[in-house]
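Quick notes on the structure that follows.
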Amino acid sequence: MEDKSKEVKPAKKCCGCGFGPFLVGLVLALVIGWSVIPAIKLEEKKQPIQFNHVVHIENAGMACEECHFIREDGSFNGLPNTASCAACHEEAVSESAEEKRFIDEYVKKGREIRNEWLVYQKQPDNVFFSHAVHSLERCANCHTEFETTQQFCNICHLDVASTTTPPVYKENRISTYSVNTMKMPECEACHANPGHYGTTNASNACFVCHK
Amino acid sequence: MQRRGFLKFALGGTVGLAASPAIWTTLYDLAYWTQNWGWIPRLQNGEDLSVATVSKLDGTPLKVRVVDGRVINTSGNKDNAYSAGGLTPLAASEAQLLYAESRIKRPLKRGPDGGYAYTSWEDAESILKKKTRNAQGSLAFLTSDSSSSLNDIFSAFTAENGSRDFFFMPSDEQAAAVAWNTVGGSGSLGYDIANSDCILAVGANFMDSWGTVAHNRAVFKETHPTGENAEQAIYYAGAMQNNTAVVADTWLPVKPGTEEIFLGAVLSELIKNNIMADSSLSALASRYSIEEAGKACGTDTEQMKKLVSALKNANRPLVFAGTTEGQSLGSTVHMLAIAINAVLGRINQDGGMVALPEREPLLPSAQRYSDIFARNFVAYSMQIANGMANAPKLLFINDANPVYALSKDAQVKECLAKIDYTVCFAAHWNETCAECDLVLPAAHGLERFDDVYTPYGSGNINWTLAKPVTAPRYQARPVGELILALADELGLSLGVNDIPSLLEMRANALHADFKEYLESGDTYQEAFHDFSVPTLNFMPLHSKQAKAPLSEIALHTYINSAAGNPSTGIPPYANRAITEYQLQDGLCVAQMNKATAQKLGLADKQKAVLETKNGSMPVLVRFYEGVMPDVVAVMAGLGHTGFDRFSVNKGNNILEITQIDMEAGSDLPVWLSAVNVVKG
Amino acid sequence: MDYSKPIDNALFPKGCERCSFTQFSLFMLIPTALLIWGVIAAFVVLYQGLGTTGLDDKFGFGLWITLDLAVIALGAGAFFTGLLRYILNIDELKNIVSFTAVVGFLCYTGAMLILVLDIGQPIRAWFGYWYPNVHSMLTEVIFCITCYCIVLIIEYIPLILEQRLFEKNTFIQHLAHNFHVYMPLFAGIGAFLSTFHQGSLGGMYGVLFGRPYIFRDGFFIWPWTFFLYLLSAVSAGPMFSVLMVTLMEKITSKKLVSWKIKQLMGKIGGTMLIVYTIGKFLDSYAWVNDILPRSGLTFEQMFTGFVYSSVWFYAEHIALVIGIVCMALPALRKIPAFFYLGCFVTCFSIVLNRFVMTVQALGIPVMPFEEWRWYWANWAEWGAFALVLGYAIITIAVTYRYCPLFPQEAELNKK
Amino acid sequence: MAHFKDFAVRYGMVIDLDKCTGCGACMMSCQAENNVAPQEDAGNKLRALNWLKVYRLSNNKEYPEHETVFLPRPCMQCGNPSCVTVCPVVATDKNEEGGIVSQVTPRCIGCRYCMASCPYHARYFNWFDPYWPGDLKEALSPDVSTRPRGVVEKCSFCHQRLMKAKDKAIANGEDPLALPEEAYQTACTEACPNGAIVFGDLNNPEHRVYELKQSPYAFRLLERLGTDPQVYYMSKREWVRRLGDNYLGHEETGSPERVLLNNSH
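Chains as they are written, first to last, in the numbering used here: chain A, 3 to 213; chain B, 2 to 681; chain C, -2 to 412; chain D, 598 to 862.
Structure follows, in structure tokens:
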């Protein structure tokens, strides 16, 4: 007690220990902050069916638009439903175990795959995202950097076209959003950009996106 | 470790964390977490369809939105010319009624202890089979929806079992049919509201609860273009400024029970104003006078004179009578209404009163409506209850709730008690189910094939198909199919194998394309063509003794069409549509004007007790100058004990204590109650 | 160990007598009971939702908002006395400034406690900072109140540090010392923040042009309403502190602050009251003769029945006049009876003002076909009030017992 | 007072009160369209959550001079909304073409300042968590997010329908800012069997509301407060029009001597 208070009284020059503790703390915190915490925040989930895009595109020669297209009424058909898969997969067309499982579990039981598929960019209920308006045609007027629609889609979406098994779905334990879900600041990157308004009507008004 | 060392360590840590995204991203995650509460239902996307059908509650053509197989909501069918896309409040709640808690999930059997227990369909069917066999010849059938072609199956089934006791719930339709029959009219009575340019509706709340409401209002929409002049004048005569009165050009107050005197006065005034009429009618008219009516009905004589000249000068006037809650006033008022149309030369004219060809039974043993309407359930029930008639061994009740809808006078409970075995087909658990031995889950209107054929109030032959937009939920089954199956079991051949083919028979009878109408949900309409003027005989009216008007205060019951009907209970969303003037603090509101209240010594917003010959109930007094003097208006449709949380604990059932008298001659029930309200 | 003294006397401020620990504990039962009631109410409200209160869609604001506004006005003694003491160097005030700080601290933390219950999504309360709307008066209020609350905490800390417990601890002694050194700075910040939110609290109502009863525009919103609310606070604040001191004197049967200081506070408050009253009367005049006719409404239409009768409107104004008479005339002010009456009616007028501005303003039918509606706070809402009351009494009692709250106490009570 | 930009498109209603029977079809369809949770006891009308509420108006005369009119009250989507400027967290705003006052409930903290500011009582608070007993939640529309307890909500002119209409227009290469009248109609407008509600773009001469709002019988609620509503009413009866606003005894209906604020279109 006594000597410490002596030591304190001048209270001007630093004690002997130097910057050691500071650095230790700094490094430790950086490690935790950058890697540990983000890691424990995420929960990994598996898709109900290990869908193989490559097979469908290359072997079956399908185009993206056959499954992912904008409907007459302007709404977006993001995922094919069991029925449209069954068009080809009523019976097994390959030896794939996953295909067999799909036919047994979904086609035969009439279970809707669309309701179980984990959407990487899933937006919460209060968001209305219009695929119709975010089209290459409209954006290409100014944004000449995109050649293909696929390229364009990959701005927001994972490039799954070249995957033989679906990427792992990572869900934030706190917000329950997928890591790939665009957050409002990312939307605002364009929407809050005054340059867009007038040419695209992409205002940043609440009711442009929220419902 | 020294304090300062630790402080430095902590400082370093803080700086480090601040320099990492952990804190900031976590804050955002928290923000998102606070925006999506886990226990609030999430939305489900899916295939989004719009299916056309028709509401079996009130015949409103519908577009039903179905997402991923779930029924989301109902809206009017814009492609349907008959309703012009209009939607009634009741039809708007179809989706909620489909999923309501009050849906009966499985067959229920009443045990010896009076309690109900779930049972299997196999068991239920074997019971039905056994009971029907044993009942041989002593079977009765009660249903409420007269517009359905399925009635042919039910009446045929009844007949094939050697009985003719097939009944509809009492209604304006029945009273009018009897009246039309009595004056020698043929076919069924129709009202060409669409083409009339001047309408007098006596009692009939045709903009909300009488007749083909959706169509009537589509006509109003067309004849009253916003911002332009109306092409149709509407005169409404009734006890209260109700939904029809507020949009009518003139409201003529008429005290309940004096509709006959009012119509008689109109008739006599018309004849005074040298409208040609045969001697029999002139003689009849001489019984009435405007002055007398002014006293008895409480109507302003000047207004009546204006009305009469309006009818006289109109090109296509139309007069009809009815009630606000679709019950019965007896046949006399209808005969007088017919008489007025007759002297105006409006029978079988465009925009007049028309004799529609009576519907031909589709099945050999099905009964004619004219015969069915000749029997009325109230009389039947009373006789059985009083032992004046033998109780049937077996009673089927389909989609009807007499225990709730009919007053103590009808003695329905006593009647049911006397019947050996009672079976109730219902989609929702109602008050009548609770009195029956076997309760069977019936398919809801959106779960079955059915149709709406020329409902009462139509001005032409019209027909709309109902189709299932979703599979029956729980263990519910369409009653039509059930009866057909039962008939099959019993080895009876009704002449049709399933409902669609019955409906197809209807289509063929009308020369309409079944598939097309099934698909489009459109309404088949047949323009009225038989303009031959029938010769009518109004002598029966002479024999009638004019009913003496009530000296006391009269009860006026009305319904809020949003608040459901006796078979649906109060739909979930309707609670918000029931106003403070109808239900407040759990009490039915008794509306009356200040003069009446002063007579009774009551103050506004005061708790009181309403008394009739049949009993009493607590009410809350609210002043409303839109109710005529000496009348107390109370909303019917409250005070349910069946159904679900949205129906119970809401006021009392006024219908229970209303008074029913039998009309001399026709023996039809007449609703008319003297009422007293005392401080409670 | 001297057994004639309470067992915890080692912790008492120097030279101060305190009642026995048993007696103290018994006294504490009262606020504890209030606290328990409050905690139950708070739990019910937070767990089941605000439906458990007497509030409804017409009265979105009720007892709680009234209380918030009232206590924040009454708590203004803190910043104002601080301002006079530290910035304007009126030295005598050092004898009461720490007490006013504690009162202020309790008023503000109490208000925030209630606000947490009052908003439907307490867990989103921080959105006020995260996604602020700069146009909203409420944003400014949220911001200032929370910041000022921190200032009050800082002003409270030295009191605790001066506890006998820490006598020996030189570090804490230094800390306490430094706090005192920097106090003028905090006092300044506090004064700045308070001035703004006291004003914007008035603005909060003044901008509601859908509510003719409280709407003000043009000159009468800025600067008028702004300063009216500020003035009402600075006049009632000091007087409220005085009343509280006197109440404590009654309870402890000790002299805590000299009559001279009280008079000074009263004088200051009185002076402010004169300015406020003039402003208030002008404001009311302008409201009756300009705002109302422009809204197509008459003075009579603003009142009905007893709860909404014009009695309150007049009472509010008359109370102010009485307040002035008692406080501004030295002759009367020197008479304790009039002095305390003056303090009381002033606080009364301010509280009443906050009530009518909140509840009556919402009860009035603005659409001609509406009816008057009534609102009664229920047990849960009063419970929240009890919560704050209990918490305040406990805090102040403990502080008084163990901390040198009143520098003058020792010598004022010399035997 | 913040100033709101003039919109090229301003959606609005003209409601003909002489045609309203007060049946409540609009209220029913509104609830179903917008995922409003049913209320077991809506007896206390100050706690009954109605985006659209039907009022019963009276000329306050005694029988037989008495007259009744029903008045449906959606959100007025004010041109100068008193609610928007007061919201501390920008949960409500008026910033999108169409001039609909937006309410984003996940942002709302439930302070109810907006409710205190709205003279039409068009804003409602979720006093309890919403509850869909039994299977009622099956009928939830995928277009409107559900709201938890403790947030304020209000009529949005069924703007989810506007979003869909715009998408459809875009998909078919049409201009989403020049939708034909029938492309976007609110649930209540469609429901009303009497056609009492006319809905459309107040700025677009091809929409009926453009003409109707200029009728001598047209009026708006509490116009003199300066809220500048986008909902108009019509009635041939003067007493009805007079009930639409507060008038001093000597003032003539429709032409007050002075107004509180002046921001009318």
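For every residue, glycine included, the Cβ atom is placed at its ideal position computed from N, Cα and C. Every value quoted in this text rests on a predicted model; they were computed, and no experiment measured them.
Item, Value
"Local Cβ density within 10 Å of B:K131, reported as buried at 16 or more and exposed below that", "exposed"
"Of the residues D:E778, D:I706, D:A634, D:R758, the one placed nearest D:G731, counting alpha carbons only", "D:A634"
"Secondary structure of B:M277, DSSP reduced to three states", "coil"
"Contacts that D:C752 makes with chain C (C-beta to C-beta distance below 7 Å)", "The contacting residues do not exist; D:C752 stays about 14 Å from chain C at best."
"Contact with chain D by C:W219, beta-carbon distance below 9 Å", "no"
"Contact between the region 19 to 32 of chain B and the region 23 to 42 of chain A (3+ Cβ pairs under 8 Å)", "yes"
"Status (buried if at least 16 other CB within 10 Å, exposed otherwise) for B:G616", "exposed"
"9 Å Cβ cutoff, B:G331 in contact with chain A", "no"
"Beta-carbon proximity of C:P209 to D:L822, cut-off 9 Å", "yes"
"Element boundaries [alpha helix (DSSP H), containing B:H216]", "214 to 224"
"Test item: CB-CB of C:L106 and C:L149 under 9 Å", "It should be pointed out that residue 106 of chain C corresponds to Thr in this sequence rather than to Leu. Cβ distance < 9 Å, so C:T106 and C:L149 count as in contact."
"Residue nearest to C:G263 in terms of C-alpha spacing, selected from C:L329, C:G187, C:Q298, C:K252", "C:L329"
"A:E68, DSSP secondary structure in three states", "helix"
"CB contact below 9 Å: A:R113 versus chain G", "Absent from the structure: chain G. Protein chains present are A, B, C and D."
"CB of C:G46 within 9 Å of CB of D:D726, strictly", "yes"
"Against chain A: residues of the region 138 to 168 of chain B by CB proximity under 8 Å", "none"
"Cβ-Cβ distance between C:T274 and C:L205 below 9 Å", "no"
"Proximity test, Cβ basis, 9 Å: D:M598 and chain C", "Note that D:M598 has pLDDT 41, beneath the 50 cutoff, so the model's placement of it is unreliable and the number below is only indicative. D:M598 counts as touching chain C."
"Spatially closest choice to A:L160 from A:L120, A:Y108, A:F78, by CA coordinates", "A:L120"
"Alpha-carbon to alpha-carbon, D:P716 and C:W61", "21 Å"
"Euclidean distance between Cα positions of A:I42 and C:L110", "34 Å"
"Euclidean distance between Cα positions of A:Y108 and A:C66", "22 Å"
"Span separating the alpha-carbon of D:K616 from that of A:I72", "41 Å"
"Alpha-carbon to alpha-carbon, B:V16 and C:K277", "52 Å"
"B:S51 - containing beta strand (DSSP E), residue span", "49 to 55"
"Under 9 Å between C-beta atoms of B:L337 and B:L271", "no"
"D:S714 - partner residues in DSSP beta bridges", "Looking at the DSSP assignment, D:S714 forms no beta bridge with any residue, so it has no partner."
"4-residue-minimum alpha helix (DSSP H) runs that sit fully inside the region 226 to 301 of chain C, ordered along the chain", "256 to 283, 289 to 292"
"Residue range of the beta strand (DSSP E) that includes D:R670", "665 to 670"
"D:Y830 at chain B interface by Cβ criterion, 9 Å", "no"
"Interface flag, B:T27 vs chain C, CB-CB below 9 Å", "no"
"Bridge partner(s) assigned by DSSP for C:R370", "Partner(s): none; C:R370 has no beta bridge."
"Outcome for D:D603 when other beta-carbon atoms lying within 10 angstroms are tallied against a minimum of 16", "exposed"
"Of the listed residues D:S753, D:Y721, D:K761, D:R720, nearest to A:S132 (C-alpha basis)", "D:K761"
"Run of the alpha helix (DSSP H) containing C:L409, from where it starts to where it stops", "406 to 409"
"Short CB-CB distance (under 9 Å) between A:Y108 and chain B", "no"
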